[in-house]
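What follows is a single structure, written as structure tokens, with notes after it.
Protein chains: 4
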Amino acid sequence: MSTLRVGVIGCGAIGRDHIRRLHDVTKGVTLTAVSDISVKNGEKTANQYHVSFYRDGKELIRANDVDAVVIASIDETHAEFVLEAIKCGKYVLCEKPLAPTIDECRQIVDAEIKSGKQYVQVGFTRRYDNSYRKLKEELTSGRCGEPLLLHCRHRNAFLADYYVTPMLITNCCIHEIDISRWLLEEEYVGCQVVLGRKTQYTEDKLHDPIIVMLKTESGVSIDAEIFGNAKYGYDIRCEAVCELGEVSLTSMSDILVCTEKERRRPIHHTWEDRFIEAYDVEFQEWVDAIAVGGKFNGPSSWDGYMATRTSNACVKALESGRYIEIEKLECPAFYSKIN
Amino acid sequence: MSTLRVGVIGCGAIGRDHIRRLHDVTKGVTLTAVSDISVKNGEKTANQYHVSFYRDGKELIRANDVDAVVIASIDETHAEFVLEAIKCGKYVLCEKPLAPTIDECRQIVDAEIKSGKQYVQVGFTRRYDNSYRKLKEELTSGRCGEPLLLHCRHRNAFLADYYVTPMLITNCCIHEIDISRWLLEEEYVGCQVVLGRKTQYTEDKLHDPIIVMLKTESGVSIDAEIFGNAKYGYDIRCEAVCELGEVSLTSMSDILVCTEKERRRPIHHTWEDRFIEAYDVEFQEWVDAIAVGGKFNGPSSWDGYMATRTSNACVKALESGRYIEIEKLECPAFYSKIN
Amino acid sequence: MSTLRVGVIGCGAIGRDHIRRLHDVTKGVTLTAVSDISVKNGEKTANQYHVSFYRDGKELIRANDVDAVVIASIDETHAEFVLEAIKCGKYVLCEKPLAPTIDECRQIVDAEIKSGKQYVQVGFTRRYDNSYRKLKEELTSGRCGEPLLLHCRHRNAFLADYYVTPMLITNCCIHEIDISRWLLEEEYVGCQVVLGRKTQYTEDKLHDPIIVMLKTESGVSIDAEIFGNAKYGYDIRCEAVCELGEVSLTSMSDILVCTEKERRRPIHHTWEDRFIEAYDVEFQEWVDAIAVGGKFNGPSSWDGYMATRTSNACVKALESGRYIEIEKLECPAFYSKIN
Amino acid sequence: MSTLRVGVIGCGAIGRDHIRRLHDVTKGVTLTAVSDISVKNGEKTANQYHVSFYRDGKELIRANDVDAVVIASIDETHAEFVLEAIKCGKYVLCEKPLAPTIDECRQIVDAEIKSGKQYVQVGFTRRYDNSYRKLKEELTSGRCGEPLLLHCRHRNAFLADYYVTPMLITNCCIHEIDISRWLLEEEYVGCQVVLGRKTQYTEDKLHDPIIVMLKTESGVSIDAEIFGNAKYGYDIRCEAVCELGEVSLTSMSDILVCTEKERRRPIHHTWEDRFIEAYDVEFQEWVDAIAVGGKFNGPSSWDGYMATRTSNACVKALESGRYIEIEKLECPAFYSKIN
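Chains as they are written, first to last, in this note's numbering: chain A, 1 to 339; chain B, 1 to 339; chain C, 1 to 339; chain D, 1 to 339.
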């Protein structure tokens, strides 16, 4: 069996984890090249794994021993690299977001349609998480009737110092934006942002927590609490209120400790603790899909475009303090409506 | 020990349960009289318990063998009876709401202040529920830091046919309005109502579920899901998101059954299943407080007034689809700010 | 309604709690007298509640203003007082055990049969606990098929210094002995005791924890872990393994706290935290049963006798390290087989 | 990177799953050969994966394109194949048990010691399960003090028709035997078997459920409920009672469904649902250990020997109805005491 030769652009924390994954975990793949804006950092990683180093991400994309590309560089560079991959006819797995601006996303969608083939998958990892999959399965089964409300919680123990309020939407809530759309299989028609009382444990530039409210075509109302400095742990919840019952993610932990007058279950510290296994599934499914000709069932460019579009509308809602309508957009026949 | 002689106005479902409670459960009390608009119904109950029957609630209030009154008649009659009790200088425990209109509530508050003594307690039963008390204790301890958000769920399995949308606020959410104010010890400054997707299991006149959003003086944001026809059971939840952690009510059940590939915990069917014991506590504490001269720590007329005022604002928010500001009102020195 | 006049023998911790209960909580009862071996302690309690004091428990039993008696004195005095109550034709609620020796228990049973009326109820409080009642209801419903195994845990945070190993059976496990027989509605045919590794947090004379194993007529095997110095809290569990599923008590707590990377539910500290409400129910049902002529459905003398008999066999099993057979005994027609 | 070439002996259910795993999941490995006593079955599998087929397992072991062997044939053949692998100097991962008889296990241990190198790993998969690992981590941390008791539950929804009572020990409880020894890092000194009431859902030859009791050197008492036809699901539990608290596996499920007056969490149906991911970890760690020269930290021949030895003693205890002592055996310096 010939393996897929993959190059990774971006050797930061998440990039290096993907490099490790491709090298040690994902079956049917050979890591062949890495790229990073820091030559020192990139070369160090390249040497560690005995693969080629490219200063320029585009060069890596064009390289003969690279069949497919993983993009883990900073958000601003995503569009450029994805467009180059489409141009070269190479498969690309791009970390979320597809691109920070709507225009760039649209450019990618247009380029991909023009190329006649789906090359792009966006890294919305939660779709590969077992619990979200079971939740969707239960919703789809119809046993609980139609969904009416979705309550989401996205709590990080802490965020980096450079965070400002809109980043709670563009960097955190974008996961809820994608996963809720995927769970409900519906587009958004409007959004609003409500502020919580501000925790004293952030600087002034970050109003934390907030509640992002979304409305779908059928009228489902979604409230997503985004709390970046929740301190107590990394805690992701989702609760779908349906006509006949409620389906929700459980709070996972492997052990239960009874001690000092309390029953205690560990809570995850970071997103890696919670979703690292979903990454393994995401990468394996991506590689397996390419092996049979690229029939992805993962998030497409269109999904990435819709996420960025919604995220932008939410930022507008945050800034205006008002309800913002989201205009309906016809999904091109090229894409499944919601992957 | 001489016991407190109590009369009950209203022999409907809840009234009869209070009559039973006063007769069989509450210590230090003797049931002496009942009243009901239906002579037949009232007399039947009077005979069952061997007590006097009064056609007119006011007559019962004035009766010599009645020291204190419980009001469980329809909402529209509350003000009239409470005012009469104040006039007669008799203690009164009035089922929620104190009165449906702001004006009536204000009249009661004014009459009570003028009388120079607190005679009135309002039946916000949840304050006597053990789990809400523990939740408040934990919040007050400060171990989790300041509260920032409150997520509430109020789900009934079903509601009576005559329910229209505003009643989700005035009859259901009024509990969340009172208990959240009591938990946070703060007044509300504004409110908004968001519609969920409407369940197909209600008539057109009832848009169910809705989300009532409240904002407090310090900026805490409260979202209270009110779902009157949730079908699967009676489910009350409350989750306080604080600076250092989260405190929430647990989902109670006495047993756990593992069967047919599932772990199952029973859910309450009705509010009686969930809060009946809180009523026992409420009545006992009321009687005990009267025995030592009426030093109530239960919800006062002022609390009842504030609840109706907020509830009215929420109905306006529902009807307008907009955020409604709630004007600040100075609490008279006569009352504790929030009981 | 004339109330039942009750005297309490024993003004220790549990006795004083019963006195408070009869005075403040139980409806339809008037506390009229108390007795204690310590005159000072007894008189203090009597003065506090404005009731008569009797040096001699028997005198209290015979007193004209005492209709019924609660026995909360030390175990060794139970038989004497219960026999006196039967002689005087007065109802008696005796704290567990009915008596420490089989002979005394038998004497009581014989005297009661001879008297022609059931006067005695034994204080096996767990039968009044809501969760055990729901567990029995589920077992009786047959939804899970026949019970095959019972796993019990009886954990105290700590025990008094004077405890020696057999007391783990006679003072702690006696609850599991009674409640398991009541749940299964079967008699025991044998028992065995297995030692756990001894905790370092007890003195040599107390081997803690132990596992008491019982076998019933139909072959159900019961293992009851008795751990007197479990340190982390008071934790009572019961898990019935049936042919089609498992039914168990849940671990109760009113709130859930997420903090410091853990989800925490409080655990009870002492038996009072866990079972104090069951005492309220026990006393109320006892008084209510007397009010309608003494048709008790609580634990009878026969149940008390069987418990002491089984407990004695378990002590023999502990001492011998062997399986001890328990001889079958016909239940006199006077008693229900298992109440 | 050159990959490890692996052959699999046994193309039954579990064998085929391992074949799929080696082909699709495990990184760094190439499936090169399979063997089965059924030529038809074996050739079909070989064709499906385009690998060589060997009628004789020993031939497969000797084959040039086979570096390491996975044994998934019937228990009776294990010893023969393991001994051949040692003889050929090839690594071998043998499904549990190492061998059904103590003599065969001893022979393997002796041969391996004589060979001078550890070639053998036994397939005790639970050691690779995340929750058991966290449980051990917590025990090892000492935060809960010394372990005193271990309560285990091993419940299958159903067993094959050919099961007789001793197989509850040799096929089911052997997992508890290995994992408890691994958790406690201690050897067993005795055992006993207690019968539960027999479920009516098995034939006479299978007395189900039973409780297997083990005692360790330090005095820890282990009770393992083995219930092969529990009907309601596959449910594995482990609860370590320690001096300062309790540590237990949690009951895992990905979602929670509230419906029809119940909160429901799915229970696993089969062992695959529960432990399939542990197999993936087991295989990957095995392959990775071979890649760095065979420094296994998985269960050794010695562990397999000790498990079979204990399992045999338990069968004796079952048959005799008595406590059976297990003689102490010195661990050869060649092996770690407990891996």
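C-beta: ideal position from N, C-alpha, C; glycine also.
Min CB distance residue i to chain A below 7 Å
{"i": "Ser2 (chain D)", "result": "no"}
{"i": "Thr199 (chain D)", "result": "no"}
{"i": "Asn297 (chain D)", "result": "no"}
{"i": "Cys152 (chain C)", "result": "no"}
{"i": "Leu135 (chain D)", "result": "yes"}
{"i": "Thr259 (chain C)", "result": "yes"}
{"i": "Ile326 (chain B)", "result": "no"}
{"i": "Glu95 (chain D)", "result": "no"}
Below-7 Å beta-carbon distance, residue i vs any chain C residue
{"i": "Val25 (chain B)", "result": "yes"}
{"i": "Asp223 (chain D)", "result": "yes"}
{"i": "Asp254 (chain B)", "result": "yes"}
{"i": "Glu319 (chain D)", "result": "no"}
DSSP-derived helix/strand/coil call for residue i
{"i": "Met1 (chain C)", "result": "Note on Met1 (chain C): pLDDT 49, under 50, position unreliable in the model; no value is reported."}
{"i": "Ala289 (chain C)", "result": "helix"}
{"i": "Lys215 (chain B)", "result": "strand"}
{"i": "Val39 (chain C)", "result": "helix"}
{"i": "Thr270 (chain B)", "result": "coil"}
{"i": "Asp24 (chain D)", "result": "helix"}
{"i": "Arg265 (chain A)", "result": "strand"}
{"i": "Val281 (chain D)", "result": "helix"}
{"i": "Leu244 (chain D)", "result": "coil"}
Residue nearest to residue i in terms of C-alpha spacing, selected from the options
{"i": "Pro97 (chain B)", "options": "B:Arg309, B:Lys316 and B:Val315", "result": "B:Arg309"}
{"i": "Cys258 (chain C)", "options": "C:Ser251, C:Pro266 and C:Ile19", "result": "C:Pro266"}
{"i": "Trp302 (chain B)", "options": "B:Val315, B:Lys337, B:His23 and B:Glu272", "result": "B:Lys337"}
{"i": "Ala341 (chain A)", "options": "A:Asp288, A:Cys173 and A:Cys331", "result": "This structure cannot settle anything about residue 341 (chain A), because the visible part of chain A is limited to 1 through 339."}
{"i": "Ile169 (chain B)", "options": "B:Gly228, B:Cys94 and B:Leu244", "result": "B:Gly228"}
{"i": "Pro147 (chain D)", "options": "D:Pro166, D:Phe158, D:Arg181 and D:Ile236", "result": "D:Arg181"}
{"i": "Leu183 (chain D)", "options": "D:Cys94, D:Asp129, D:Leu159 and D:Thr270", "result": "D:Asp129"}
{"i": "Ala46 (chain A)", "options": "A:Arg127, A:Cys152, A:Ile177 and A:Ile19", "result": "A:Ile19"}
{"i": "Lys328 (chain A)", "options": "A:Glu95, A:Asp110, A:Glu239 and A:Met306", "result": "A:Met306"}
{"i": "Leu171 (chain D)", "options": "D:Thr32, D:Lys87, D:Asp288 and D:Ile74", "result": "One detail in the question is off: residue 171 (chain D) reads as Asn in this sequence, not Leu. When only C-alpha atoms are compared, the closest one is D:Ile74."}
Cβ separation of residue i and residue j, assumed to be a contact under 8 Å, to the nearest whole Å
{"i": "Gln377 (chain C)", "j": "Gly298 (chain C)", "result": "Look at the range of chain C in this structure, 1 to 339, and you will see that residue 377 (chain C) is not part of it."}
{"i": "Lys27 (chain D)", "j": "Ile61 (chain D)", "result": "No, Lys27 (chain D) and Ile61 (chain D) are not in contact; Cβ-Cβ is about 24 Å, not under 8 Å."}
{"i": "His268 (chain D)", "j": "Tyr234 (chain D)", "result": "4 Å"}
{"i": "Ala63 (chain C)", "j": "Gly7 (chain C)", "result": "7 Å"}
{"i": "Gln192 (chain A)", "j": "Met167 (chain A)", "result": "Not quite, the Cβ-Cβ distance comes to about 18 Å (not below 8 Å), so this is no contact."}
{"i": "Lys215 (chain C)", "j": "Val189 (chain C)", "result": "5 Å"}
{"i": "Pro209 (chain A)", "j": "Gly219 (chain A)", "result": "Not quite, the Cβ-Cβ distance comes to about 25 Å (not below 8 Å), so this is no contact."}
is_contact[residue i, chain D] using C-beta, thresh 7 Å
{"i": "Lys117 (chain A)", "result": "no"}
{"i": "Cys238 (chain A)", "result": "no"}
{"i": "Glu262 (chain B)", "result": "yes"}
{"i": "Pro266 (chain B)", "result": "yes"}
Proximity test, Cβ basis, 7 Å: residue i and chain B
{"i": "Lys231 (chain A)", "result": "yes"}
{"i": "Leu329 (chain A)", "result": "no"}
{"i": "Val194 (chain A)", "result": "yes"}
{"i": "Glu246 (chain D)", "result": "no"}
Ordered list of beta strand (DSSP E) runs contained in the segment 120 to 205 of chain A, each at least 3 residues: 120 to 123, 147 to 155 and 188 to 195
Entirely enclosed alpha helix (DSSP H) segments - the segment 67 to 115 of chain C, minimum 4 residues: 78 to 88 and 102 to 115
Ordered list of alpha helix (DSSP H) runs contained in the segment 291 to 334 of chain B, each at least 4 residues: 301 to 320
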